[in-house]
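A short write-up of the structure that comes next.
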Amino acid sequence: MFCGSASGKLLPLFVLYKSRHIWSTWTEGGPPGTRYSNSTSGWFDSASFLEWFESIFIPETRRLDGKKVVICDNVAFHFSPKVLELSETNNITFICLPPNSTHITQPLDVAVFRSVKGSWRKLLGEWKENNGNNLVTKEIMPTLLGRLLIEINPTITNNLKSGFQACGIFLCDVEVLLKKIPGQDDDVQR
Numbered sequence: 001m002f003c004g005s006a007s008g009k010l011l012p013l014f015v016l017y018k019s020r021h022i023w024s025t026w027t028e029g030g031p032p033g034t035r036y037s038n039s040t041s042g043w044f045d046s047a048s049f050l051e052w053f054e055s056i057f058i059p060e061t062r063r064l065d066g067k068k069v070v071i072c073d074n075v076a077f078h079f080s081p082k083v084l085e086l087s088e089t090n091n092i093t094f095i096c097l098p099p100n101s102t103h104i105t106q107p108l109d110v111a112v113f114r115s116v117k118g119s120w121r122k123l124l125g126e127w128k129e130n131n132g133n134n135l136v137t138k139e140i141m142p143t144l145l146g147r148l149l150i151e152i153n154p155t156i157t158n159n160l161k162s163g164f165q166a167c168g169i170f171l172c173d174v175e176v177l178l179k180k181i182p183g184q185d186d187d188v189q190r
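Here it is as structure tokens:
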């Protein structure tokens, strides 16, 4: 999972494998600070979201003064009682995006993931070419993620900032977002 801020900071990654167990070889050689976990489905659930929240988000934002905001899709598992308790204790608020809108409202969808996907495809192509077109195993994944972060490092700060600006989140500008919605006039009544 990728998470970044309006100031352009990319938080450490959270990797969720589809498996019943996690092996140490699946965590070696990856980017510094990356957290590795597993779920039987390979999808986030309340336990994996809580793990990300406790191990990545809270430690990375604890030293920041004032209210912190998590902008996320509107999935119920984000809001377990423990997450809500931790949110209150750490002065964190959740803002849920409307369903089917992340392509215009989610900063990473708008300005980050396209270049990340392009870099990832390039790295996978090179790896397969150099390794006999073998499948990428969980043991190889951390190393490739490390290479990916090196590849996107020169642009990630600006892309994150651009995403928050393009979504009208920071600096706050509702007109930016409303202009993207079909059928809206250019003049926005407040």
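If you count the sequence shown from 1, position 8 lands on 8 in full-length UniProt numbering, and the numbers rise without skipping.
C-beta: ideal position from N, C-alpha, C; glycine also.
Item                                                                                                : Value
Per DSSP, the bridge partner or partners of Asn16                                                   : The sequence as given places Leu at residue 16; Asn does not occur at that position. Leu16 pairs with Ser37.
Proximity below 8 Å, CB of Gly66 to CB of Leu160                                                    : no
8 Å Cβ cutoff met for Pro107 and Gly163                                                             : yes
Residue environment, Val110, which counts as buried when at least 16 other CB atoms sit within 10 Å : buried
C-alpha distance - Ser37 paired with Glu85, whole-angstrom precision                                : 22 Å
Simplified DSSP state of Val110, which is helix, strand or coil                                     : helix
8 Å contact criterion, which Ile58 and Asn90 should meet: CB distance rounded                       : 6 Å
Range covered by the beta strand (DSSP E) that runs through Asn93                                   : The displayed chain sequence assigns Thr, not Asn, to residue 93. Looking at the DSSP string, the run of the beta strand (DSSP E) that includes Thr93 is 92–96.
Buried versus exposed, by CB contacts within 10 Å (16 or more), Ile169                              : buried
Check whether Val83 and Phe53 have beta carbons under 8 Å apart                                     : yes
Beta-carbon separation (whole angstroms), Thr25 vs Glu139, contact threshold 8 Å                    : 5 Å
Closest by C-alpha distance to Ile181, when choosing among Ser101, Ser55, Asp45                     : Ser101
Opening and closing residue of the beta strand (DSSP E) in which Lys68 lies                         : 68–72
Min CB distance Leu135 to chain C below 8 Å                                                         : Annotation note: the requested chain C is absent from the structure, which comprises a single protein chain.
For Leu123, the three-state DSSP class (helix, strand or coil)                                      : helix
For Gly29 and Trp127, the rounded distance between their alpha carbons                              : 16 Å
Reduced DSSP category for Gly4 - H, G, I as helix; E, B as strand; rest coil                        : strand
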